[in-house]
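Chemist: For what it's worth, this note's numbering labels the leading residue of the sequence shown as 8, then goes sequentially. No residue lacks a Cβ here, since even glycine has one placed at the ideal position from N, Cα and C. Since this is a predicted model, take the numbers as computed values, not measurements. Quick one: this structure, given as structure tokens, is what I'll be asking you about.
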Amino acid sequence: MPDREQLTEIVVAVGSVFLMIGVMIVIGTNYGTNAGLTEEGGTALVGAIVGFILLLTVVGVGLAFVLNDPEDGIEEDTNGEATA
Numbered sequence: 008m009p010d011r012e013q014l015t016e017i018v019v020a021v022g023s024v025f026l027m028i029g030v031m032i033v034i035g036t037n038y039g040t041n042a043g044l045t046e047e048g049g050t051a052l053v054g055a056i057v058g059f060i061l062l063l064t065v066v067g068v069g070l071a072f073v074l075n076d077p078e079d080g081i082e083e084d085t086n087g088e089a090t091a
């Protein structure tokens, strides 16, 4: 069974994907025609894709900070020396 951190990552990732699918459905419903999307719909879809990329970037950075354990040795270097 996955641990708490893995479950958090899975829930956040799946939630983000469902959000994107929901946004795409709304765009398709509002801007769709029999032949495809209108010009405004295409612009909205590109905006949704860019927003999704930015969302996942923010989520990834946020999870990295929230799930970082100080015992892992990846915290900030306080004495100015790099450790391997």
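Does the count of Cβ pairs from the region 38-47 and the region 62-75 closer than 8 Å reach three?
Modeler: Result no; under three Cβ-Cβ pairs closer than 8 Å.
Chemist: With C-beta atoms as the reference, is ALA20 less than 7 Å away from ILE34?
Modeler: Not in contact: ALA20 and ILE34 (Cβ atoms no closer than 7 Å).
Chemist: What's the C-alpha gap between ILE56 and ASN37?
Modeler: When rounded, the distance between both Cα atoms is 17 Å.
Chemist: Starting from ASN37, follow the alpha helix (DSSP H) in both directions and report where the run begins and ends.
Modeler: Segment 11-38, the alpha helix (DSSP H) holding ASN37.
Chemist: Can you give me the start and stop residues for the alpha helix (DSSP H) that VAL51 sits inside?
Modeler: The residue asked about is misnamed: residue 51 is Ala in this sequence, not Val. From DSSP, the alpha helix (DSSP H) with ALA51 extends over 46-73.
Chemist: Could you name the residues of the same chain whose beta carbon sits closer than 7 Å to that of PHE59, not counting the 5 residues immediately before and after it, in chain order?
Modeler: So the list reads MET27, once near-sequence residues are dropped.
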